[in-house]
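Chains as they are written, first to last, in our numbering: chain C, 17 to 213; chain X, 47 to 229.
From the three backbone atoms N, C-alpha and C, an ideal C-beta is built for every residue, glycine too.
In what follows, a single structure is set out as structure tokens and then discussed.
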Amino acid sequence: MSLINYSSKEITCKIVYYGPGRCGKTTNLQYIYGKIPDAKRSSMVSLATEKDRTLFFDFLPLELGDIAGYKTRVQLYTVPGQVFYNSTRKLVLQGADGIVFVADSQVDLWQENTESLANLRDNLGILGMDISKVPLVMQYNKRDMPNIVSVAELDHALNFRKVPHYEAVATTGAGVFDTLKAISALVLQSLSAKYRR
Amino acid sequence: MTNIQFVLSDDINRAVEASMGRYLKDSRASCVLLLSKSGHLISQAGFTSNFNVQSIAALIGGIFTSTQALAKIVDEEKFKVMFQEGKNWNVYFCLISDQFILATVFDKSTVVGMIRHAAGEAEREMSPVLARAIVADTDQAARDLSQEMDQAPAPAAGVPAPQEEALPDFNQAVEDALSKLFS
Numbered sequence: 017m018s019l020i021n022y023s024s025k026e027i028t029c030k031i032v033y034y035g036p037g038r039c040g041k042t043t044n045l046q047y048i049y050g051k052i053p054d055a056k057r058s059s060m061v062s063l064a065t066e067k068d069r070t071l072f073f074d075f076l077p078l079e080l081g082d083i084a085g086y087k088t089r090v091q092l093y094t095v096p097g098q099v100f101y102n103s104t105r106k107l108v109l110q111g112a113d114g115i116v117f118v119a120d121s122q123v124d125l126w127q128e129n130t131e132s133l134a135n136l137r138d139n140l141g142i143l144g145m146d147i148s149k150v151p152l153v154m155q156y157n158k159r160d161m162p163n164i165v166s167v168a169e170l171d172h173a174l175n176f177r178k179v180p181h182y183e184a185v186a187t188t189g190a191g192v193f194d195t196l197k198a199i200s201a202l203v204l205q206s207l208s209a210k211y212r213r
Numbered sequence: 047m048t049n050i051q052f053v054l055s056d057d058i059n060r061a062v063e064a065s066m067g068r069y070l071k072d073s074r075a076s077c078v079l080l081l082s083k084s085g086h087l088i089s090q091a092g093f094t095s096n097f098n099v100q101s102i103a104a105l106i107g108g109i110f111t112s113t114q115a116l117a118k119i120v121d122e123e124k125f126k127v128m129f130q131e132g133k134n135w136n137v138y139f140c141l142i143s144d145q146f147i148l149a150t151v152f153d154k155s156t157v158v159g160m161i162r163h164a165a166g167e168a169e170r171e172m173s174p175v176l177a178r179a180i181v182a183d184t185d186q187a188a189r190d191l192s193q194e195m196d197q198a199p200a201p202a203a204g205v206p207a208p209q210e211e212a213l214p215d216f217n218q219a220v221e222d223a224l225s226k227l228f229s
């Protein structure tokens, strides 16, 4: 649900990080937040449980600055990954302009990844959105863990659209910005394509 | 449900800002925020510099959206109004045109009855204006809109005029902006 203000030349878009519980969605946002220079840093909102599991959402506004004459603002959200928070996931997903699907590369989490992707497809469908059309980027996180699935296997199982995919270690920041750049560009290009004369 | 976008043209902006200013004055509130249900800030009036309005907008969007889900569970179509009372500050929320939230922050210098009355007036004033900013965000809708732009001299009544100028190409610009932000 982007907001385009032709009068003030502003664009605001919503990007949602989706994936199974503990896959690193919040860690992605925390790493990005930590790298924002103090002068440009506002605040990151985290609605979490006492055990730091996301309860509702994390929210991080990013002022990208002037992009080809438009003051561009990207709002990053995460959904709660735990299975029983599906109603909350749908609420956060509502109005998303782009999605980063964060998969956990560990072998033991294979089923959670596939279930979460199916859940994403279902929830988008309920919201009247098509998973085959929405701007989407895959991130294969936790590549530093010992027992992980190969990228080729993850890609084969999850990346049915052959969208851009990135290996990541969100705790160290590896792949985090590549993912953010890719989804931001896809979302803005999507808007540009829709509204170009 | 169709995913939608909001496109604000000059005339919509001017009308919204005028209404916001009048509402602020009539209600005697400290500040007023207009946002989309998904938490995008659209307009603001009053003393907002003390607040992180982007975060406030996201949280209000979350509160309101979850409240609507609650309404459905108790078999209510929607909860149109919410009121949060604090020791020094109060916040009054109301839904406009089903897609927008008018959030009003006020202190003891006014009362909730006055806010409620003025918000009703503001809603009546802003509803038809804001309805023109809503655009269906589907490929088909975009194609339809694009055709209208190419073939018709002016958009049909009720359809906003977002194509006053084309959006730029964002390819390299995104890469540069992110590099600059995090450098």
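Per the C-alpha coordinates, the member of C:S166, C:P36, C:T188, C:K178 positioned closest to C:Q98 is C:P36. Taking the C-beta atoms as reference points, C:F72 is found nearer than 9 Å to X:G108. Beyond the five residues adjoining it in sequence on each side, C:V179 comes within less than 7 Å, by CB distance, of L152, V153, M154 in the same chain, given in chain order. By the neighbour-count definition (other C-beta atoms within 10 Å, threshold 16), X:N96 is an exposed residue.
Counting along the chain, no beta strand (DSSP E) covers C:Q127; the unbroken alpha helix (DSSP H) around it starts and ends at 126-142. Taking CB atoms only, C:R137 has no neighbour in chain X less than 9 Å away. Interface criterion not met: the Cβ of C:E131 is under 9 Å from no Cβ in chain X.
For X:I50, the residues of chain C that pass the 7 Å Cβ criterion are M17, in the order they occur in the chain. Out of C:R57, C:K30, C:I52, the CA that lies nearest to the CA of C:S206 is found in C:K30.
Cβ-Cβ separation between X:I106 and X:G85: approximately 7 Å, consistent with a contact (criterion under 8 Å).
Proximity to C:L136 across C:A55, C:S58, C:Y33 peaks at C:Y33, based on C-alpha coordinates.
Taking a 10 Å sphere around the C-beta of X:A64, we find fewer than 16 other C-beta atoms and assign the residue as exposed.
The Cβ of C:Q155 sits no closer than 9 Å to any Cβ of chain X.
For C:F193, the C-beta contacts it makes with chain X under 8 Å involve L224, F228, in order along the chain.
Judged by pairs of C-beta atoms under 8 Å, the stretch 218-225 of chain X touches the stretch 191-207 of chain C, as three or more such pairs exist.
Residue ranges of uninterrupted alpha helix (DSSP H) with 4 or more members, entirely inside the stretch 147-184 of chain C and ordered along the chain, are 167-174. Listed in chain order, the non-local C-beta contacts of C:G111 below 8 Å within the same chain comprise M17, K30, local neighbours out to five positions each way being set aside.
Between X:L79 and X:V151, the C-beta spacing is below 9 Å. Close to chain X, meaning a Cβ-Cβ distance shorter than 9 Å, are the following residues of the stretch 37-66 of chain C: I48, K51, I52, P53, K56, S58, S59, M60, V61, L63. Counted as a single uninterrupted DSSP element, the beta strand (DSSP E) harbouring C:F75 occupies residues 70-83. Judged by DSSP secondary structure, X:R60 falls within the alpha helix (DSSP H) whose first and last residues are 56-73.
The secondary-structure analysis by DSSP pairs X:G92 across a beta bridge with X:C77. For X:N96, the closest Cβ of chain C is not nearer than 9 Å.
For C:Y22, the secondary structure class from DSSP, reduced to helix, strand or coil, is coil.
Looking at the backbone, the Cα of X:A168 and that of X:Y69 are separated by about 6 Å.
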